[in-house]
Amino acid sequence: MRVPSLTLAAAGAALIAPALPAPATAVPPAERVAARDANAVREGSAAPDGGMAGAARGGHAAPSRGAGRAEDPGRAGTAGRAERTRHAEAPVTAARLLARADRCTRVSRGRYRTDAGRPATIPVCGTRDAVFWKADLDIDCDGRPTARCNRRTDPVFAAATAVLGSDGRRLNAETLPYIVLPAPSRRWDHRAFGVRGGSVAAVVYGDRVRYAVVGDTGPRDLIGEASYATARALGIPPDPRSGGVSSGVTYIVFRDSRISAAEDRAAAVAEGERLARRFLARR
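The structure is reproduced here in structure tokens:
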């Protein structure tokens, strides 16, 4: 069940300026007070930032057991490079990403709920390349009003998103695959891990992998939400009233990733594919 929340224009620095304090909560519109969770405040930005590449792990030669090997100390290094090249050229599949994200090194101080009233069981995990979690998928239809995302189709619709497009307009949840992050808190502050508005993510459900951007923020204690377009691309019912799925979705957000325009789907796919290959190649 999606919890309504309010995106604040004054909270634009939350996704791009780690040094700034968290903005104050504004009073939501009167007609939405009854449906509003007290801490469901969206904090976001108008632009992404970041960029980092780590060093790949190299191979090491085994101890020499004969004159031939002793005369060829680079053999193991060459084999290691060939193995990494083979993995880099292999297709990015849901199975490979799920296997890579099977082990969790927790980076969040606490755990998240999937829905209000549910136990907090979801940790955020991480590697040097990405942060990831496994949760449900609630439908976010906020942003630019469209035929399928508006106040009539979505009772908690907000005509705003925490992240703006390069044209300064709110994002279009109906056409743009984006995911929603919990607002920064002591539980976990995504900014400290190189994740902010416009960061690129791979979202996995069943045998499907779809690439998206970080486009919105939600309640500080809930996790597992994505746009109408993300759900539809994954084969999940996208209706904001009755859609979504209760479990089985893996979100992988690549650290310090960046595209110049959050609304550029082609750029997100190209960068996501590149970063997914790097994520899979490193151990």
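The sequence shown maps to residues -24 to -1, 1 to 259 in mature numbering (1 follows the signal peptide of the UniProt record, and there is no 0).
Here a beta-carbon is modelled for each residue, glycine too, at the ideal position from N, C-alpha and C.
The Cβ atoms of residue 205 and residue 151 lie closer than 9 Å to each other. In the DSSP assignment, residue 217 falls outside any alpha helix (DSSP H), carrying neither H nor E. Under a 10 Å Cβ-count criterion, residue 111 is classified as buried, with 16 or more other Cβ atoms of the shown protein chains found around its own Cβ. When beta bridges are read from the DSSP output, residue 187 appears opposite 178.
Assigned with DSSP and collapsed to three states, residue 245 falls in helix.
Per DSSP, reduced to three states, the secondary structure at residue 96 is coil, with no helix or strand assignment. The straight-line gap separating the alpha-carbon atoms of residue 238 and residue 103 is approximately 24 Å. In the same chain as residue 84, and ignoring 5 residues on each side of it, the C-beta atoms closer than 7 Å to its own belong to 99, 100, 163 and 164, in chain order. Inter-segment contact for the region 126 to 136 and the region 219 to 229 is absent: fewer than three beta-carbon pairs are separated by less than 8 Å. In the DSSP assignment, the residues bridged to residue 227 are 109 and 179. Taking 9 Å as the cut-off, the beta carbon of residue 233 is found no closer than this to the beta carbon of residue 149. According to the DSSP secondary-structure assignment, residue 201 is paired through a beta bridge with 114. Straight across, the Cα-Cα distance linking residue 147 with residue 153 is about 10 Å.
Nearest in C-alpha terms to residue 87, of all of 80, 81, 79 and 96, is 96. Residue 210 sits in coil when the DSSP states are folded into three classes, being neither helix nor strand.
Taking the Cβ atoms as the reference, residue 159 lies roughly 14 Å from residue 191, outside the contact range of under 8 Å.
In the three-state reduction of the DSSP assignment, residue 163 falls in the coil class. Non-local C-beta neighbours of residue 127 in its own chain, meaning closer than 7 Å and more than five positions away in sequence, comprise 133, ordered along the chain.
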